Amino acid sequence: MTSLFWFRQDLRLTDNAALHAACTRGPVVPVYIWSPEEKPWAPGGASKWWLERSLASLDASLRKRGSKLILRIGNTGEVLKALAKECKANALYFNRRYEPAISARDTKLAAALRKTGLEVECADDALLFDPLAIRTGQGTPYQVFTQFWNRCLAEPAPPEPRAAPKIIPKPSAWPKSAALAELTLSPKFRWDAGLQAAWTPGEVGAQAQLRTFLKEGMAEYAVARDYPSRAGVSRLSPHLHFGEISARTVYHRVREALPSRGAARDSGLIYLKEIGWREFAYNLLIHFPQTPEQPLREKFAKFPWASNAKGLRAWQRGQTGYPLVDAGMRELWQTGWMHNRVRMIVASFLVKHLRIEWLEGARWFWDTLVDADLASNTLGWQWSAGCGADAAPYFRIFNPILQSQKFDPDGAYIRRYVPELAQLPNDCIHAPWEAPPLVLAEAGVRLGATYPRPIVEHVEARAAALAAFAKFRG
DNA sequence: TGAAATGTTGGGGCG
DNA sequence: ACGCCCCAACATTTC
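Residue numbers (the numbering used here): 550 to 1023.
So, in structure tokens, the structure goes:
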């Protein structure tokens, strides 16, 4: 009565729906498959970096419970079939994934494996609410966040998280496992020092991160989250993406920590709303499976995006000449993550100031973010480009100077990630090209040499974007 | 989860 | 005292 448990984006033992079911049934062989067929959105560089560490952490947790993680490389269907035979397993358990290509592959795979006599059990685990159940009165999917979230909150609360199984019943014999290094997830040359310093992948790190946020961040979240230099946000996104902590755990721990009234309560509820955006993103991905590549608002397929390889490269490398934009892009490059306010600003800059297609931005984020998630990434970029559900209107163009003055008033964030500007005084650091030559010289800044001049002029680029979008709108 | 332009109001300086 | 102007602060409209 041995089962296979197939780990994917649920790399945890606590509150793992399908794992719990498998352990109740009998001996379990936990397996992770590194599979070449998971395209076109195969994990990017930063995701692979995270995955390697998360798998190591998962293996360690399993070993504490008398089990271990079996790693395999190859076509998922073939690996599972072979492994079931090897282990004399008669059941397969896994949690559902919602990415269109993966989900279609899984449906086929489950049918094929059932034909071989395997019992296949797939659980809904990643989301708070059943994405197929949340619909408007007309039975259509929601396309407006607030209505979607209100509807979710009218549902019964998601179930309380379950404790991790005390032991994972082990099989009489273990099948062979590939070595973690054979998955070749680590970068070839060591660009990962910044990621290493910033993160603790794995379930233990995820739980520690949540505890810290509940204790130190949540009460101030509503205000502090707007300031990228502050530790004002939860930083749970990569942990949630890899399923190292369940959304149910976050939901219930936050609710338990909520005061009965006051600003701290509102702040916690605003944080939960962000978990709601994650649900909304999955809702959209499930109902509009073409959106990772195609704009939800179909006529945007004809939008005249600029072909601007130089601009794209400057944006990617954090060399646009706009300090806040560059700080964000460099935070991304160095740490595998970017503060959300800055994500909105750099995205607006790419699609509005440079008028480069949002998909270019989505692809770059996909490769560089440790929290790269097909649902959230798609929603975020289509929101910014104005071609998605509940999207920013075309005329909403972030002013990178103004945003910098408002949300990084003392330039702390810029100084951290754009060190060549660190010596500039506060009133010059947001727009160094306007600084008096003497001030620049004293700060050791030579525009065009140590730091680029702006690659586009804000007022001009804004006007051009408005004209292009307005013309397109007709 | 915007920014900029335009309109309105009201206080204070001043002839 | 009064009217006029200036301008900051705030509100509304427009992109």
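C-beta: ideal position from N, C-alpha, C; glycine also.
Nothing here was measured: the structure is a model prediction, and the numbers come from that model.
Straight across, the Cα-Cα distance linking L785 with L759 is about 7 Å. Between N857 and I905, the gap from beta carbon to beta carbon is short of 8 Å. Assignment of N639 by DSSP, reduced to helix, strand and coil, places it in the strand class. Exclusion of the five residues before and after P1001 leaves Q868, G870 as the residues of its chain whose Cβ lies within less than 6 Å of its Cβ. Per DSSP, the continuous alpha helix (DSSP H) segment holding R663 begins and ends at 649-664.
Judged by their CB atoms, I717 and G792 are not nearer to each other than the 8 Å cut-off.
Judged by DSSP in its simplified three-state form, C572 adopts helix. In this structure A712 is not in contact with A570, their Cβ atoms being roughly 15 Å apart against a cut-off of 8 Å. In the three-state scheme derived from DSSP, where H, G and I count as helix and E and B as strand, P942 is classed as coil. Three or more beta-carbon pairs separated by less than 8 Å link the stretch 950-967 to the stretch 873-887, which places the two stretches in contact.
Between the stretch 576-586 and the stretch 620-632 there are three or more C-beta pairs closer than 8 Å, enough to call the two in contact.
C671 sits in a strand when the DSSP states are folded into three classes. When DSSP reads this structure, P579 sits in a beta bridge with F554. In the three-state DSSP reduction, Y1000 falls in the strand class (E or B).
CA-CA distance, F738 to E704, rounds to 49 Å. Annotated three-state conformation of I905 is coil, per DSSP.
A direct Cα-Cα distance of roughly 18 Å separates L834 from A941.
Under a 10 Å Cβ-count criterion, E709 is classified as exposed, with fewer than 16 other Cβ atoms of the shown protein chains found around its own Cβ.
As the crow flies, the alpha-carbon of A938 is around 16 Å from that of A911. Using a Cβ-Cβ distance cut-off of 8 Å, the stretch 829-849 and the stretch 676-695 are in contact, since at least three pairs of beta carbons, one from each stretch, lie closer than that value. Under the three-state reduction of DSSP output, L807 falls in the coil class, being neither helix nor strand. Under the three-pair Cβ rule at 8 Å, the stretch 605-612 does not count as touching the stretch 633-650. Taking one beta carbon from each stretch, the stretch 560-569 and the stretch 690-706 have fewer than 3 pairs nearer than 8 Å; the two do not touch.
For I950, the enclosing alpha helix (DSSP H) begins and ends at 949-956.
Annotation note: the stretch 809-871 contains the following uninterrupted alpha helix (DSSP H) runs of length 4 or greater, listed N- to C-terminal: 812-836, 858-866.
Following the DSSP letters along the chain, one finds R1022 inside the alpha helix (DSSP H) bounded by residues 1007-1022. Looking at D976, L553, W886, R804, the one whose alpha-carbon comes closest to that of A746 is W886. In the DSSP assignment, L620 falls within the beta strand (DSSP E) that extends over 619-622. Across the set K597, A653, L667, the C-alpha of L667 shows the shortest separation from the C-alpha of K630.
Closest by C-alpha distance to L560, out of T656, A675, L970, L641, is A675. The beta carbons of L744 and V891 sit about 18 Å from each other, so the pair does not count as a contact at 8 Å.
Distances from the CA of E983 to each of W598, H1007, Y966, P592 were compared; the closest alpha carbon is that of H1007. The DSSP-derived three-state label of N565 is coil. Remark: C-beta atoms of R574 and A640 approach each other more closely than 8 Å. Every alpha helix (DSSP H) of 4 residues or more that sits fully in the stretch 681-730 is shown, in chain order, as 694-702. The beta carbons of A921 and W913 sit no closer together than 8 Å.
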